[in-house]
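In UniProt numbering, the protein residues as written are 1 to 394.
Here's the structure we're looking at; comments come further down.
Have a look at this one:
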């Protein structure tokens with residue numbers, strides 16, 4: 001479920017951004033209303049500021065009451081001017097929300113599609129460092145009359161079995177070509193980064209002391225360099241951030257996937273080459289899944305918030321952690337709209353997201369609330385599972 005978990009996180013990140021956009025759009029619409037009732041400085045008539053302020057407040061109240069439906073606006077005895085301003089503000093608000101919806105939906109897909117390129121780039125950096133060492137050794141050999149004496153342990157890195165397995169893997173090379181992975185823009189930096197960050201590292205120096213590294217030791221070296229040097233160094237990380245606007249959110253995912261590729265390569269043979277991980281083995285299906293999660297959560301926003309409010313009567317919903325509200329709304333949307341996904345799977349996935357992205361107490365809160373909601377929604381028939389979705393739902 002690693003791929004689906006990543007996609008849930010991507011959807012959560014963009015839904016969180018969408019909720020923030022809605023808040024900004026709400027404030028902008030209210031500012032528009034207030035501006036509509038400001039005194040007209042070009043008018044020769046006397047401006048009644050008190051009356052204008054009163055109309056502005058009336059319009060804002062009507063605006064808030066009609067965010068979901070315009071029924072109260074139609075029945076209101078407010079002046080036509082007030083009604084017209086409210087109608088304009090509502091249109092601006094909903095148009096802005098829809099624009100943000102479509103932008104974030106597109107951004108979510110593009111960002112997910114970029115992840116394979118990013119984790120492959122991280123591995124190709126390791127390959128480039130190993131190639132750099134190999135070239136340096138060749139230069140030394142040439143200068144020394146092609147005498148190999150004294151270069152034995154330095155060859156450990158170029159001969160790293162994990163990196164070599166990947167270089168010789170048709171699946172890996174196909175992924176490199178498909179995602180257009182190259183380091184052309186940092187050719188000069190490769191030498192500097194190796195000199196300044198890789199070579200001085202304790203992991204690399206300890207590795208050079210090994211006479212004949214095992215596959216496990218080869219893996220330990222590249223995994224340590226990946227996690228403790230490449231993904232800890234701000235200079236190298238800037239290289240990735242320039243390629244991904246969502247790098248802050250994506251970094252941990254990219255690191256995890258790159259590490260998994262290396263680990264699988266350490267155990268790879270001709271029979272299990274298919275173990276090479278992808279961001280989504282069935283991308284069309286997974287793409288539809290997380291687009292639907294995003295859209296269903298937005299479409300069911302009003303009902304979800306009403307349900308959360310009902311189940312947290314002793315709480316002011318506005319006091320709940322903003323992230324918790326998004327997480328719970330996503331979980332409700334998934335449980336109701338994906339019959340093949342077991343309820344417990346959905347709940348566990350969103351509990352995990354709450355651990356990373358919300359407050360220390362969110363795990364227990366989200367778990368307890370979703371357990372209660374899942375039972376009631378199942379009893380009422382709003383959650384209906386079939387096939388695999390029936391597993392572990394007792």
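Just so you know, even glycine gets a beta-carbon here, dropped at the ideal spot from N, CA and C.
Cβ atoms of residue 366 and residue 324 come within 8 Å of each other, at about 6 Å. For residue 3, the enclosing alpha helix (DSSP H) covers residues 2-36.
Here the alpha carbon of residue 121 sits roughly 14 Å from the alpha carbon of residue 260. Judged by DSSP in its simplified three-state form, residue 160 adopts coil rather than helix or strand. Cβ contact annotation for residue 210 (same chain, cutoff 8 Å, sequence separation greater than five): 153, 156, 217, in chain order.
Counting along the chain, the unbroken alpha helix (DSSP H) around residue 116 starts and ends at 80-143. Boundaries of the alpha helix (DSSP H) harbouring residue 170: 170-178, taken from the DSSP string. Counting only residues of its own chain and dropping the five nearest sequence neighbours on each side, residue 36 has a CB closer than 7 Å to the CB of 85. When DSSP states are grouped into helix, strand and coil, residue 383 belongs to the coil group.
Separation of the CB atoms of residue 7 and residue 296 is rounded to 14 Å, and the pair is thereby denied contact status at 8 Å.
Between the segment 220-230 and the segment 197-208 there are three or more inter-stretch CB-CB distances shorter than 8 Å, so the stretches are counted as touching. In terms of Cβ geometry, residue 336 and residue 382 form a close pair [threshold 8 Å].
Fewer than three beta-carbon pairs drawn from the segment 46-56 and the segment 115-135 are found closer than 8 Å, and the two stretches are therefore not classed as touching. Following the DSSP letters along the chain, one finds residue 291 inside the alpha helix (DSSP H) bounded by residues 283-299. Burial is judged here by how many other beta carbons sit within 10 angstroms of a residue's own beta carbon; residue 80 has fewer than 16 and is exposed.
With respect to residue 355, residue 363 sits close: the two C-beta atoms are nearer than 8 Å.
In this model, residue 358 and residue 321 are separated by some 7 Å (Cα to Cα). Looking at the backbone, the Cα of residue 246 and that of residue 111 are separated by about 7 Å. Between residue 306 and residue 284, the alpha-carbon positions lie close to 33 Å from each other.
In the DSSP assignment, residue 257 falls within the unbroken alpha helix (DSSP H) covering 247-266.
In the assembly as shown, residue 124 is a buried residue. Its beta-carbon has 16 or more other beta-carbons within 10 Å. Collapsing the DSSP output to three states places residue 352 in a helix. Under the DSSP assignment, residue 328 falls in the alpha helix (DSSP H) whose first and last residues are 322-337. With respect to the C-alpha of residue 348, the residue from 193, 339, 334 having the closest C-alpha is 334. In the three-state reduction of the DSSP assignment, residue 60 falls in the helix class, which pools H, G and I. When only Cα atoms are considered, residue 256 and residue 196 end up about 24 Å apart. Excluding residues up to 5 positions away in sequence, 117, 120, 121, 124, 175 lie with their Cβ nearer than 8 Å to the Cβ of residue 181 in the same chain. In the three-state reduction of the DSSP assignment, residue 53 falls in the helix class, which pools H, G and I. Positions of the alpha helix (DSSP H) runs, each at least 4 residues long and wholly inside the segment 180-246, are given as 187-193, 202-207, 215-224, 234-241 in order along the chain. In the three-state reduction of the DSSP assignment, residue 391 falls in the coil class, being assigned neither a helical nor a strand state.
Within a 10 Å sphere around the beta-carbon of residue 342 sit 16 or more other beta-carbons, which makes this residue buried.
Taking a contact as a CB-CB distance under 8 Å, the pair residue 194 and residue 132 counts as one, their CB atoms being some 5 Å apart. For residue 72, the uninterrupted alpha helix (DSSP H) run begins and ends at 71-75, by DSSP. Note on residue 14: 16 or more other CB atoms within 10 angstroms of its CB, so buried under the neighbour-count rule.
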